[in-house]
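Participant: Which chain is which? The protein sequence lines are A and B, in order. Residues 674 to 1306, numbered by this note's numbering, are exactly what the first sequence covers, in order. Residues 8 to 413, numbered by this note's numbering, are exactly what the second sequence covers, in order.
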Amino acid sequence: MNMGHGLSSNDPTVTAAFRTALVHQFLVILFLAAVLAIVWNSIRTVRYRRMVLAGGTEPVSAAPWPYPEPAARRLLRISFGLLWILDGLLQTQSSMPLGLTSGVITPSASSSPSWVQHVVASGVTIWNDHPVSAAAATVWIQLGIGLFLLMAPRGRWSRAAGLVGAGWGLVVWVFGEGFGGVFGQGSSWLFGSPGAVLFYVAAGGLIALADQAWETPRLGRAVSRITGVFFIGMGILEAWPGRGFWSGTPAGGGTQGTLTAMATQMSQQSQPSVTSSWVRAFGSFDGDHGWAVNFVVVVLLLGIGACFLTARPRVVRVGVVAGGVLCLAAWVLVQDFGFLGGVGTDPNSMIPMALVFTSGYLAMVKLPVRLPATTPAAAADGAPEVAVPPPGSPGQSAPRPDPARRGRLTGLQPSYLLRSLAAIGALGVVLVGAAPMALAATNSTADPILNEAVNGTPNYVDSPAPPFSLTDQNGATVSLASLAGHTVALTFLDPTCTSDCPLIAQELRVTDQLLGADAAHVELVAVVNNPLYTSPAATAAFDRQEGMGHVPNWHFVTGPLAQLHQVWNTYGVETQVTPAGGMIAHSDLVYVIDGRGHLRVVLTSDPGSQGDSALHSSFAAILTSQLQRLVHP
Amino acid sequence: MTGRAAARLAALGVLAVTLAACSSSPSATGSGTSSVLPPAQVVSGATGSWATVVMGHLDDPLNTFGELLYRPGGPDCLGLVPCVPPAWTLATPAGVASNGGLFATLATGGTLTVGFGVSLDLTFSPLAETADQGAAWSTGVLSAGLVPVTDALAASGAPGAPARLALVSTGGGQVLSSSGDLSTWAVMARRAAVASAAAASGCVAGPLTAVAIAPSGVDLVAATCGSGRRAGIFRVGSGGTAAAVTPVGPVLPGPVTAPVRVGRLVTTPAGVTALVVAGSGRSRRLYLATSDDDTATWTVSAPFATSGAVVASSVDPTGGMVVVLDTGGHRTAATAARGGPWTTLPGLPAGTSIVAGGPGAVFSALIPSGSTVTVDVLSGGSWIRNQLLAVPIQYGSTGAGGGGPT
Chain A
674 MNMGHGLSSN
684 DPTVTAAFRT
694 ALVHQFLVIL
704 FLAAVLAIVW
714 NSIRTVRYRR
724 MVLAGGTEPV
734 SAAPWPYPEP
744 AARRLLRISF
754 GLLWILDGLL
764 QTQSSMPLGL
774 TSGVITPSAS
784 SSPSWVQHVV
794 ASGVTIWNDH
804 PVSAAAATVW
814 IQLGIGLFLL
824 MAPRGRWSRA
834 AGLVGAGWGL
844 VVWVFGEGFG
854 GVFGQGSSWL
864 FGSPGAVLFY
874 VAAGGLIALA
884 DQAWETPRLG
894 RAVSRITGVF
904 FIGMGILEAW
914 PGRGFWSGTP
924 AGGGTQGTLT
934 AMATQMSQQS
944 QPSVTSSWVR
954 AFGSFDGDHG
964 WAVNFVVVVL
974 LLGIGACFLT
984 ARPRVVRVGV
994 VAGGVLCLAA
1004 WVLVQDFGFL
1014 GGVGTDPNSM
1024 IPMALVFTSG
1034 YLAMVKLPVR
1044 LPATTPAAAA
1054 DGAPEVAVPP
1064 PGSPGQSAPR
1074 PDPARRGRLT
1084 GLQPSYLLRS
1094 LAAIGALGVV
1104 LVGAAPMALA
1114 ATNSTADPIL
1124 NEAVNGTPNY
1134 VDSPAPPFSL
1144 TDQNGATVSL
1154 ASLAGHTVAL
1164 TFLDPTCTSD
1174 CPLIAQELRV
1184 TDQLLGADAA
1194 HVELVAVVNN
1204 PLYTSPAATA
1214 AFDRQEGMGH
1224 VPNWHFVTGP
1234 LAQLHQVWNT
1244 YGVETQVTPA
1254 GGMIAHSDLV
1264 YVIDGRGHLR
1274 VVLTSDPGSQ
1284 GDSALHSSFA
1294 AILTSQLQRL
1304 VHP
Chain B
8 MTGRAAARLA
18 ALGVLAVTLA
28 ACSSSPSATG
38 SGTSSVLPPA
48 QVVSGATGSW
58 ATVVMGHLDD
68 PLNTFGELLY
78 RPGGPDCLGL
88 VPCVPPAWTL
98 ATPAGVASNG
108 GLFATLATGG
118 TLTVGFGVSL
128 DLTFSPLAET
138 ADQGAAWSTG
148 VLSAGLVPVT
158 DALAASGAPG
168 APARLALVST
178 GGGQVLSSSG
188 DLSTWAVMAR
198 RAAVASAAAA
208 SGCVAGPLTA
218 VAIAPSGVDL
228 VAATCGSGRR
238 AGIFRVGSGG
248 TAAAVTPVGP
258 VLPGPVTAPV
268 RVGRLVTTPA
278 GVTALVVAGS
288 GRSRRLYLAT
298 SDDDTATWTV
308 SAPFATSGAV
318 VASSVDPTGG
328 MVVVLDTGGH
338 RTAATAARGG
348 PWTTLPGLPA
358 GTSIVAGGPG
368 AVFSALIPSG
378 STVTVDVLSG
388 GSWIRNQLLA
398 VPIQYGSTGA
408 GGGGPT
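1. What residue range does the alpha helix (DSSP H) around G796(A) cover?
2. Please report the straight-line C-alpha distance between L109(B) and W349(B), rounded to a whole angstrom.
3. If you reduce the DSSP assignment to three classes, tell me which class T280(B) lands in.
4. Go ahead and label A1178(A) buried or exposed: buried means 16 or more other beta carbons lie within 10 angstroms of its beta carbon, across all protein chains shown.
5. Are the beta-carbon atoms belonging to T405(B) and A111(B) less than 9 Å from one another?
6. Thinking just about the alpha-carbon of each residue, which of P45(B), P93(B) and A94(B) is nearest to the one in G73(B)?
7. Between the alpha carbons of V94(B) and A1253(A), how many angstroms are there, rounded?
8. My guess is that R1273(A) and L1303(A) are in contact by the Cβ rule of under 8 Å, so how many angstroms apart are they, rounded?
9. Rounded C-beta distance between L974(A) and M1026(A)? I'm assuming under 8 Å.
10. Are there 16 or more other CB atoms within 10 angstroms of the CB of H803(A), so buried, or fewer, so exposed?
11. Taking all protein chains shown into account, decide if S861(A) is buried (16 or more other Cβ within 10 angstroms of its Cβ) or exposed.
12. If you run the structure through DSSP and keep just helix, strand and coil, what is N1124(A)?
13. For I107(B) and S126(B), I'd like the C-alpha separation in whole angstroms.
14. Express the C-alpha separation of H1305(A) and V812(A) in angstroms, rounding to a whole number.
15. Answer with buried or exposed for F704(A), where buried requires no fewer than 16 other C-beta atoms within 10 angstroms of its C-beta.
16. Rounded to whole angstroms, how far is the Cβ of P276(B) from the Cβ of P214(B), which I believe are closer than 8 Å?
17. Can you list, in chain order, the residues of the region 1202–1220 of chain A whose Cβ is nearer than 9 Å to any Cβ on chain B?
18. Let me make sure I understand the geometry here. Which of F131(B), T115(B) and T253(B) has the alpha-carbon closest to that of C210(B)?
19. Residues of chain B with a CB under 7 Å from the CB of A1253(A): which are they?
20. Leaving out the 5 sequence neighbours to the left and right, which residues in its chain are closer than 7 Å to S781(A) when beta-carbon positions are compared?
21. Any contact between the region 1107–1119 of chain A and the region 1200–1211 of chain A? By contact I mean 3 or more CB pairs, one from each, below 8 Å.
22. Confirm the yes/no value for this check: CB of G124(B), any heavy atom of the ligand GDP, distance under 8 Å.
23. Short of 6 Å in beta carbon distance, which residues of its chain neighbour A912(A), apart from the five on each side in sequence? Order them along the chain.
24. Would you say N393(B) reaches chain A, if we count a Cβ-Cβ gap shorter than 9 Å as a contact?
25. Given a cut-off of 9 Å on the beta-carbon distance, is the pair R311(B) and A341(B) in contact?
26. Measure the C-alpha to C-alpha separation of R1081(A) and T948(A) and round it to an integer number of angstroms.
27. Of the choices S245(B), Y402(B) and D333(B), whose alpha-carbon is the least far from that of V224(B)?
28. For the region 107–132 of chain B, which residues have a CB atom closer than 7 Å to at least one CB atom of chain A, in sequence order?
29. Check the Cβ of P1175(A) against every Cβ in chain B and list those closer than 7 Å, keeping chain order.
30. Taking the beta carbon of Y1034(A) as the centre, do at least 16 other beta carbons fall within 10 Å, making it buried, or is it exposed?
31. Quick one: any contact between the region 153–173 of chain B and the region 1196–1205 of chain A, if contact means 3 or more CB pairs under 8 Å?
32. Can you pull the chain E residues whose beta carbon is under 8 Å from the beta carbon of V1250(A), in chain order?
33. Report the rounded CA-to-CA distance for V1263(A) versus A1162(A), giving the unit in angstroms.
34. Please classify S1172(A) as buried or exposed, where buried requires at least 16 other C-beta atoms within 10 Å of its C-beta.
35. Cβ closer than 9 Å: which chain A residues qualify as neighbours of S150(B)?
36. Would the region 981–997 of chain A count as touching the region 959–967 of chain A if we require 3 or more Cβ pairs under 8 Å?
Here it is in structure tokens:
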């Protein structure tokens, strides 16, 4: 896989930077955990002293929630907590920084309408400009959400965890999945439509509901009916003619059916041979019996949808079982577990979908049972502590003391306090990832690491720069001596070049903008590097083409061929005339010369491919920093 | 909102999503970096013939190259039977990537001017000129890109006293002129001026399609006419205003179907030759119009009916022409001598790009494929393999990054 600028998705420079970022952020999280542990210990100490001072009363819980966490909610919270953690761990794969957009996001949006592609492209641009920050952020955000869900079982913290999960899920669904591909051609329930993360969003939304919502079967029935409509809709879509799902592989070869082609493609990605063989076998079976396979899928989808639509527990139970089996089969045989291949980001749609409709069923049939006012079971859920005097004591008939009067933290039952702190810690993990990403997103200049991965790190030198004296596009003589006192970026460009040189010129123009006021102390000089097109007319045409006439400190210099040869030789620039319509081949170098006329930095300036704006921006950022380092020694 | 209402609302949403998925339109795909390349052509003079062909990996714009081939003049067959004409050699001028194709014009004095088509980030056309059959080249630039038509460049005069015209894409079509340095050009006429003059003669002018310099030095520009029977050829006087533009094109004989497009406008030692294409599809007719008195009078051939589009053409020194026609991927060739009727050549070898030669001379079919050009000559009514020319194309030399050529 290649991003187009010569960087493979496993480029060692970027991968190493990604690992380093993860380690650094992990250390920050460890520090955060240590602080929270100290807080926890301090509060417990204060509590213990107060308890001793108060005569050693035993803390007994008073249940603030009249029933334990409903089974349906618990299923959603714990399972999606684990799924978010799995997704976070999948994001640590080394190919994520450079491979996610080119290998997953852009291809998945490629069949969608242009407006979807534009929306997705805005997110892709941020990721491509800051691949290390973005990939590391995604790891911690998703791990944090998972921990948040697991650590906060009840109350506001728990509902907030659901909301955070739903919010991030929406971001991923829009920018990462291109709206789940629902607007694209070839979308299918089998392939993951309407997007796996949409089920994370649904789960987050359900977890964020108020407690009262779980007290009656209405929520379960609503989920069941929505599931029913969804399955029927997907069944209709699967049955829609002309989308290639009714055909397998025509006898004698030819274009494969859509499902056969997908299975073939999935079986070819990097994975254990056993899973590959399953998927390949199914693809082969579908190739032979495409119509029958699709017929069965359509019938099952419609039948399961009808079961859910009734919202009757007994019938829905049949739908849950059948849906679960169908989901499992599709997950293994079509979606190939979803997360294999090196850039898999989640287990795809089947597992989260099955969890959502199963929880809907539980919300219908397993309603919470109200508990007595005080019970250890409730304490296990994390109830606030209430000090209850021993039986027969004078204070027994007194009203319950308000925990808030004893301090918001020190008045809490220990397990509740611990879970609250853990939830804060999990939220901290989210912020550890989100904060650097938010900062990076506000910076329109790409990370220097991209250019360093292609061109290497700057080469620092300190020697007198070879002199030159040539003529710029305005007819003025430009020499090393005439530039004394200014920091100079010196490069070599072919005015009739069709690719790299125009890109390098644009990088220099962006550098000039990034320099801001410092541009007054910098001169950008390009020496003609084509032995056949050396005229000022050629440099003028290049300047017009690239809009360099608006850059006041820009000089595109030329001169007699002998003089140019001398400059090329003294600066070690190789030039080769290629036959049969090839471009002039020459070195892509930028020399940074200080105000004393000393060479200080040599940068390789290969701009990569035409469309790689991130790499171009990255080079401009590096050159700007090197120039500013010399402007402000 | 009640649970039932919420369920209905959600159901509507799911249905909407499903329907949207059913009716989604195909995605917009990127257009890539390809540009329209000028058609293949052959220009011939006393010193020899020059052919431009497109070759390489034609499905990849970055690895598609325009190449210039040269065949010395002289007796075609060297007295040999079967006829063995002189060999073609590679003559592409160096220094510029030719992914945008090549334009070529041969002045009556023997000077060849070559223009490079725009490609990738190059938006102006570099030029190269030789007066010694490619031994040495001088270079220059146009300030804009040449329009991708065969006769976007024209030149006349002997070395040292050049006159040149260029048809560039700026402003929807402009004619530039140069009488000195290859990089010194001035605007001579704009499309609006030509259109205004054309309207007065009943021609609703479309795009400008060719430029030429008549033997007397009169500047000519051609345009497509959306109506009328007259071919859109105009003299352009000094100033280039509408008043200085005069219609001089021939009136086509018989019933004529619009549009009338001047596909070629070339000056040879024998005068001015124009290929006029009237109509389109099955109603397409070709006319060869020649003038030996500076466009005062024209001789127009009888129409040649064809449904094929003209994809390449060659002009011989006498003003005769060979055209290659493409009908749904099937290629044929037709030829007409100056003042003579059109005749069809025997079926072309597969992959033929251009046919050089003309009435009275041996016909050579140039067949580029990858990095080689095969030359077949017409002998005894069939095409015989004559030459295999290897072209050292530098694949990957354009836009590949990775420290390669720039």
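Glycine residues also receive a C-beta, built at the ideal position from the N, C-alpha and C atoms.
Facilitator: To lay it out plainly:
1. Per DSSP, the continuous alpha helix (DSSP H) segment holding G796(A) begins and ends at S787 to D802.
2. Between L109(B) and W349(B), the C-alpha separation is close to 28 Å.
3. Of the three classes helix, strand and coil, the one that applies to T280(B) here is strand, per DSSP.
4. A1178(A) comes out buried.
5. No, Cβ-Cβ distance for T405(B) and A111(B) is not below 9 Å.
6. Measuring from the Cα of G73(B), the nearest candidate turns out to be P45(B).
7. Reading off the sequence, residue 94(B) comes out as Ala, not Val. Cα-Cα distance, rounded: 17 Å.
8. With a contact defined as Cβ atoms closer than 8 Å, R1273(A) and L1303(A) qualify at about 6 Å.
9. Cβ atoms of L974(A) and M1026(A) stay farther apart than 8 Å, at about 12 Å.
10. Counting Cβ neighbours within 10 Å, H803(A) comes out buried, since at least 16 surround it.
11. S861(A) comes out buried.
12. DSSP places N1124(A) in helix when its eight states are reduced to three.
13. Correcting the residue type first, residue 107(B) is Gly in the shown sequence and not Ile. Distance from the CA of G107(B) to the CA of S126(B), rounded to the nearest whole angstrom, comes to 5 Å.
14. If you draw a straight line from the Cα of V812(A) to the Cα of H1305(A), it is about 38 Å long.
15. A residue is called buried when at least 16 other Cβ atoms come within 10 angstroms of its Cβ; F704(A) does not meet this threshold and is exposed.
16. The Cβ separation is near 29 Å, so there is no contact.
17. Considering only beta carbons, the part of the region 1202–1220 of chain A lying closer than 9 Å to chain B consists of N1202, N1203, P1204, L1205, Y1206, T1207, S1208, P1209, A1210, A1211, A1213, A1214, F1215, R1217, Q1218 and E1219, in chain order.
18. Nearest in C-alpha terms to C210(B), of all of F131(B), T115(B) and T253(B), is T253(B).
19. Per Cβ cutoff of 7 Å: F72, E74, L97, T99, V398, P399, I400 and Q401.
20. Sequence-distant partners of S781(A) (beyond 5 residues in either direction) whose C-beta falls short of 7 Å from its own C-beta, in its chain, are E850, G851 and G854.
21. Verdict: no, contact absent.
22. This structure simply doesn't include the ligand GDP, nor any ligand for that matter.
23. Counting only Cβ-Cβ distances below 6 Å, and skipping sequence neighbours, we find V971.
24. Interface criterion not met: the Cβ of N393(B) is under 9 Å from no Cβ in chain A.
25. Rather than Arg, the amino acid found at residue 311(B) in this sequence is Phe. Yes, they are a contact pair.
26. With a pLDDT of 49 at R1081(A), under the threshold of 50, the predicted position of this residue should be treated as unreliable, though the coordinate-derived value follows. Going by C-alpha positions, R1081(A) is about 53 Å away from T948(A).
27. Val is not the amino acid found at residue 224(B); the sequence shown has Gly there. Nearest C-alpha to G224(B): S245(B).
28. Cβ contacts with chain A: S126, L127, D128, L129, T130 and F131.
29. Correct list: D128.
30. Taking a 10 Å sphere around the C-beta of Y1034(A), we find 16 or more other C-beta atoms and assign the residue as buried.
31. Contact annotation: the region 153–173 of chain B does not touch the region 1196–1205 of chain A, with fewer than three C-beta pairs closer than 8 Å.
32. The chain labelled as chain E is not found among the protein chains of the depicted structure, namely A and B.
33. Rounded to the nearest whole angstrom, the C-alpha separation of V1263(A) and A1162(A) is 6 Å.
34. Around the Cβ of S1172(A), a 10 Å sphere holds 16 or more other Cβ atoms; the residue is buried.
35. Going along chain A in sequence order, the residues near S150(B) (Cβ under 9 Å) are A1210, A1213, A1214 and R1217.
36. Per the Cβ contact rule, the region 981–997 of chain A is not in contact with the region 959–967 of chain A (fewer than 3 Cβ pairs under 8 Å).
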